[in-house]
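Student: Residue numbering for the sequence shown follows numbering that gives the first Met the number 0, starting at 0 and increasing by one per position.
Just so it is clear, CB atoms sit at the ideal spot from N, CA and C, and this is done for glycine as well.
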Amino acid sequence: MTNPHLYEQINQDLKNYYDNVKNNKRNLWRNNFHIEMPFGLINDPNGLCYYNNKFYIFYQWNPFSCEHKSKHWGLVTTTDFVNFTRPEIVLRPEEWFDKDGCYSGGAYVKDDTLQLFYTGNVKGESGQRESYQCMVEYKKDGNFDKKGVIIDKQPESYTTHFRDPMVFEGNGIYYMVLGAQTEDLKGRALIYNSEDSFKWSFAGELKTNMNDFGYMWECPNLFKISGNQFAFLFSPQGLNEEEFKYQNTFQSGYVIGELDLNDVSLKHHTEFREIDKGFDFYAPQVFRYEEKHIMMGWIGMPDNEGEYVSSQDGWIFGLTMPRVLKYIDGVIYQEPLEFLENLRESQIVDLENEIVDNYKITLDTRTIECNLDLDMKDYNDLELKMKFENESISIFYNKEEEICILDRNSMELGGKGVRKFKLKADKSLKLHMFIDNSTIEIYYQDGLETTTFAYFPKCDDFEIEIKNKAKINKLQIWNLRKINYV
Numbered sequence: 000m001t002n003p004h005l006y007e008q009i010n011q012d013l014k015n016y017y018d019n020v021k022n023n024k025r026n027l028w029r030n031n032f033h034i035e036m037p038f039g040l041i042n043d044p045n046g047l048c049y050y051n052n053k054f055y056i057f058y059q060w061n062p063f064s065c066e067h068k069s070k071h072w073g074l075v076t077t078t079d080f081v082n083f084t085r086p087e088i089v090l091r092p093e094e095w096f097d098k099d100g101c102y103s104g105g106a107y108v109k110d111d112t113l114q115l116f117y118t119g120n121v122k123g124e125s126g127q128r129e130s131y132q133c134m135v136e137y138k139k140d141g142n143f144d145k146k147g148v149i150i151d152k153q154p155e156s157y158t159t160h161f162r163d164p165m166v167f168e169g170n171g172i173y174y175m176v177l178g179a180q181t182e183d184l185k186g187r188a189l190i191y192n193s194e195d196s197f198k199w200s201f202a203g204e205l206k207t208n209m210n211d212f213g214y215m216w217e218c219p220n221l222f223k224i225s226g227n228q229f230a231f232l233f234s235p236q237g238l239n240e241e242e243f244k245y246q247n248t249f250q251s252g253y254v255i256g257e258l259d260l261n262d263v264s265l266k267h268h269t270e271f272r273e274i275d276k277g278f279d280f281y282a283p284q285v286f287r288y289e290e291k292h293i294m295m296g297w298i299g300m301p302d303n304e305g306e307y308v309s310s311q312d313g314w315i316f317g318l319t320m321p322r323v324l325k326y327i328d329g330v331i332y333q334e335p336l337e338f339l340e341n342l343r344e345s346q347i348v349d350l351e352n353e354i355v356d357n358y359k360i361t362l363d364t365r366t367i368e369c370n371l372d373l374d375m376k377d378y379n380d381l382e383l384k385m386k387f388e389n390e391s392i393s394i395f396y397n398k399e400e401e402i403c404i405l406d407r408n409s410m411e412l413g414g415k416g417v418r419k420f421k422l423k424a425d426k427s428l429k430l431h432m433f434i435d436n437s438t439i440e441i442y443y444q445d446g447l448e449t450t451t452f453a454y455f456p457k458c459d460d461f462e463i464e465i466k467n468k469a470k471i472n473k474l475q476i477w478n479l480r481k482i483n484y485v
């Protein structure tokens with residue numbers, strides 16, 4: 000895709016879309032406060048960082064179609080997560096080492112320069128794959144300078160499924176973690192090191208207790224979560240479904256342990272724990288801001304494109320809102336980044352300490368934040384319904400069995416199914432929900448669990464219903480404003 004006229008047309012289409020955003024025909028599923036593209040396919044968040052007093056959000060983008068082809072890097076920036084720069088293409092698949100896609104990677108801020116690391120994807124005439132790890136430097140003047148290939152081949156005994164570089168620093172040495180696959184089709188993470196971030200040496204395979212844990216590990220993140228404890232967050236492919244785990248096509252999750260970079264090992268690590276239990280969450284990436292670990296993910300799932308019916312309108316997928324990760328008692332909790340309170344336009348419900356029976360509230364918008372705390376001391380079963388005329392999404396909770404069920408089988412369009420997970424809520428069930436026009440993110444029990452999923456209702460009618468008798472400790476609902484692209 001090196002034809003300059005194609006990119007001139009893309010830039011013109013972007014300008015036309017955002018110049019006329021108020022006059023554009025309304026789309027029932029266009030989200031108000033989730034990042035998505037006017038056209039084409041967006042997937043993995045890339046290069047997330049805070050640089051030059053702004054949040055930089057890069058991402059995979061095919062601006063030409065709703066297919067997983069021709070991957071570029073797009074970019075938006077923001078200072079407040081309400082006002083964003085307009086999307087722009089910053090990396091094109093136009094060099095010999097990335098001609099079939101500028102695949103995912105991360106960012107590292109080095110002095111006044113932002114270094115971006117990505118995988119260049121090349122496919123030969125007979126379909127064989129080559130993977131090149133590449134670097135780009137970005138200066139404050141806004142110029143992107145491709146430095147080219149920094150790792151030209153995977154190590155021996157690994158396949159060409161070798162990608163998604165993330166760089167971090169420790170004791171004056173730069174380290175890179177990459178997702179990989181052994182020749183006998185086992186998922187692994189590989190570690191490289193460098194003294195200058197340009198010349199890299201293979202340090203070894205990250206040793207863990209997960210020796211037979213899927214056939215590929217994608218999008219690895221390694222970061223210090225507390226004291227000497229490191230979190231290894233990644234997206235394994237090929238796990239077998241269990242009753243309460245691994246129910247999606249592919250998963251994303253983490254283990255926590257002691258990272259020994261001399262021995263290239265993660266010692267005494269916990270069992271793998273999924274970071275999100277919803278239908279549509281993959282490829283999360285973590286960055287640092289003011290001593291916080293912030294995560295964003297892709298609202299989508301590989302190989303399931305047919306479930307996302309917005310593609311009939313020429314666009315598909317989006318990115319989650321930013322989440323702060325907190326380490327509590329050996330587990331990562333998630334909470335919305337405080338900037339997201341800037342999205343609150345007006346409070347439309349504020350209830351406390353009310354006993355209700357089949358409580359219903361009809362809303363004239365599907366773009367809300369809802370903070371709900373339901374008393375469980377005297378109740379065992381609860382059902383919450385989000386209704387869209389004859390369609391609905393339900394959340395069931397059983398205190399005795401400590402089971403939460405998310406059910407979207409009553410939706411006519413898009414993905415269906417049920418997700419079941421264990422959840423302890425002895426005293427109260429807490430749900431913090433961000434509901435957008437085709438995306439819902441829910442935090443359970445102060446972020447102990449989350450579910451992210453897409454939905455495609457056939458109408459704007461929206462009602463929240465709490466079935467049966469219940470005590471509402473707290474119910475707050477805000478109307479959320481639309482993010483601006485300026």
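State the DSSP-derived secondary structure class of residue 0, mapped to helix, strand or coil.
Tutor: Note that residue 0 scores a pLDDT of 49, beneath 50, so its modelled location is shaky and nothing firm can be said.
Student: Check whether the segment 353-361 and the segment 450-466 are in contact - that is, three or more C-beta pairs closer than 8 Å.
Tutor: yes
Student: Between the C-alpha atoms of residue 98 and residue 411, what's the straight-line distance to the nearest angstrom?
Tutor: 39 Å
Student: Using only alpha-carbon positions, find the residue among 345, 341 and 431 that is nearest to residue 82.
Tutor: 341
Student: When you compare the CB positions of residue 284 and residue 442, do they come within less than 8 Å of one another, or not?
Tutor: no
Student: Consult DSSP for residue 6 and reduce its assignment to one of helix, strand or coil.
Tutor: The answer is helix: DSSP assigns residue 6 an H, G or I state.
Student: Alpha carbon to alpha carbon, what distance is there between residue 91 and residue 0?
Tutor: Since pLDDT at residue 0 reaches only 49, below the 50 mark, its modelled position is unreliable, and the value read off the structure follows with that caveat. In a straight line, the C-alpha of residue 0 is about 8 Å away from that of residue 91.
Student: What residue range is occupied by the uninterrupted beta strand (DSSP E) comprising residue 292?
Tutor: Taken as a continuous stretch (DSSP letters only), the beta strand (DSSP E) holding residue 292 covers 291-298.
Student: Over the uninterrupted beta strand (DSSP E) stretch that includes residue 283, give me the two end residues.
Tutor: 281-288
Student: Quick one: using the 10 Å Cβ neighbour count with 16 as the cut-off for buried, is residue 236 buried or exposed?
Tutor: buried
Student: Quick check: the segment 140-147 against the segment 156-175, are there 3 or more CB pairs under 8 Å?
Tutor: no
Student: When you measure from the CB of residue 308 to every non-hydrogen atom of the ligand PLP, does any distance come out below 7 Å?
Tutor: This structure lacks the ligand PLP, and indeed carries no ligand of any kind.
Student: Going along the chain, which residues of its own chain have a beta-carbon closer than 7 Å to the beta-carbon of residue 349, five neighbours each way excluded?
Tutor: 475
Student: Count the other CB atoms within 10 Å of the CB of residue 449; is the residue buried (16 or more) or exposed (fewer)?
Tutor: buried
Student: Beta-carbon separation of residue 257 and residue 227 under 8 Å?
Tutor: yes
Student: Kindly give me the distance between the Cβ atoms of residue 479 and residue 368, rounded to whole angstroms, as I take these residues to be in contact under 8 Å.
Tutor: That belief holds up - the Cβ atoms of residue 479 and residue 368 are roughly 6 Å apart, short of 8 Å.
Student: So, helix, strand or coil for residue 459, using DSSP?
Tutor: coil
Student: Which term fits residue 15, buried or exposed, when burial requires 16 or more other beta carbons within 10 angstroms of its beta carbon?
Tutor: Exposed, because fewer than 16 other Cβ atoms sit within 10 Å of the Cβ of residue 15.
Student: Going by DSSP, what residue range makes up the beta strand (DSSP E) through residue 32?
Tutor: It is not in any beta strand (DSSP E) - residue 32 carries neither H nor E in the DSSP assignment.
Student: So who's on the other strand from residue 193, going by DSSP bridges?
Tutor: 173
Student: I'd like to know whether the C-beta atoms of residue 48 and residue 72 end up nearer to each other than 8 Å.
Tutor: no
Student: I'd like to check one pair, residue 215 with residue 252: are the Cβ atoms closer than 8 Å?
Tutor: no
Student: The beta strand (DSSP E) with residue 427 in it runs from where to where?
Tutor: 427-434
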